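Step one of this worksheet: look at the structure below.
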Ligand code: C5P
């Protein structure tokens with residue numbers, strides 16, 4: 029086999045509890061991830077030299093001031109390099125073609141998704157023989173969200189986000205995402221969080237009510253439990269997102285929250301039809317770059 033294709037989902041954080049910054053500069057998290065049906069697709073082809081070449085195809089309007097990095101700065105190339113170092117096979121090479129659908133710099137782990145997909149795909153293509161479990165430490169080295177995207181579904185994230193524990197959950201959820209015309213740097217949002225909380229914050233926890241709502245599988249229970257400790261920091265950098273959240277709630281969203289470090293906003297609908305109504309209300313405000321309907325949970329990075 030000389031080519032493989034991998035599909036990988038985006039994520040939302042149903043809750044994002046953030047603790048006091050650690051000595052290594054990361055923040056301890058208590059989060060619940062959900063993988064959603066918005067996928068990047070990577071086509072990986074073996075090369076007969078040791079080069080790692082990446083091309084990105086997208087129909088997205090990239091937010092102002094952001095670009096998908098090319099060459100060695102692309103996280104997929106970093107994932108490929110890390111995997112071949114780990115395998116002790118520096119002679120391996122690949123062409124990596126990314127079809128990008130997940131919003132860039134939007135708080136939906138688009139870059140992390142591509143890293144997870146590259147690990148899964150090149151492990152197959154290069155005959156690495158590693159299990160998903162074996163790939164986890166490499167994933168964690170590439171970014172805090174990458175291990176979750178190997179798994180997908182719903183899961184608790186601890187540590188700096190990289191420690192994944194499965195949770196009992198039922199049901200499927202209809203989401204609407206409103207993307208922003210400008211991206212946000214995750215590091216900048218965490219730095220703003222530190223500036224706004226100079227005396228530290230309590231240990232982060234996953235709310236019991238949220239876990240209970242997922243066990244029952246009822247979006248009406250889940251809606252009010254959505255939360256994000258980065259909200260104040262994100263709104264401090266992007267005050268206009270407060271209006272977008274208010275529009276969605278006025279239009280009857282069961283819950284509204286900023287996705288990760290933002291600036292994408294996330295709304296929970298009662299059904300697909302209700303999601304369509306919400307999407308129309310959000311699109312008509314003209315504040316969002318794009319409004320996207322999606323469902324979750326879905327599986328993590330998978331060969332197709
Ligand atoms: O892990 P990842 O590379 O995705 O993180 C990007 C940046 O976000 C980090 O360099 C750090 O500034 C911030 N971050 C953090 N605490 C976390 C996750 C990310 O401070 N738990």
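In the working numbering, the protein residues as written are 29 to 332.
Note that CB positions come from ideal geometry on N, CA and C, so glycine has one too.
Since the structure is predicted, the reported quantities are computational estimates derived from the model, not experimental observations.
Query	Result
Backbone CA spacing between residue 201 and residue 255 [nearest angstrom]	16 Å
DSSP beta-bridge partners of residue 324	201
Between the CA atoms of residue 322 and residue 243 - distance to the nearest angstrom	21 Å
beta-carbon residue 56 near the ligand C5P non-hydrogen atom, thresh 8 Å	yes
Continuous beta strand (DSSP E) stretch holding residue 41: start and end	31-46
Neighbourhood of residue 175 by C-beta, 7 Å cutoff - its chain only, sequence neighbours within 5 removed	164, 167, 168, 190, 192
Close Cβ partners of residue 273 (< 7 Å) along its chain, the five nearest in sequence each way excluded	284, 293
Residues that DSSP places opposite residue 80 in a beta bridge	122
For residue 56 and residue 188, believed in contact at Cβ under 8 Å, the rounded distance	7 Å
Start-to-end residues for the beta strand (DSSP E) that takes in residue 71	57-74
Helix, strand or coil at residue 276 [DSSP, three-state]	helix
contact_flag[the segment 62-79, the segment 301-312] where n(CB pairs < 8 Å) is 3 or more	no
Counterpart residues of residue 194 in DSSP-defined beta bridges	183
Residues near residue 279 in its chain [Cβ-Cβ closer than 6 Å; skip 5 each side]	306, 309
Distance cut-off 8 Å: residue 116 Cβ against heavy atoms of the ligand MN	Although the ligand MN was asked about, the structure shown includes only the ligand C5P as ligands.
Reduced DSSP secondary structure (H/G/I, E/B, other) of residue 318	strand
Buried or exposed (CB count within 10 angstroms, at least 16 for buried), residue 85	exposed
DSSP state of residue 255 mapped onto helix, strand, coil	strand
Whether residue 262 touches residue 226 by CB criterion (9 Å)	no
Proximal residues to residue 318 (C-beta, below 7 Å), its chain only, five neighbours per side dropped	207
Closest Cα partner of residue 252 within the set 264, 297, 219	297
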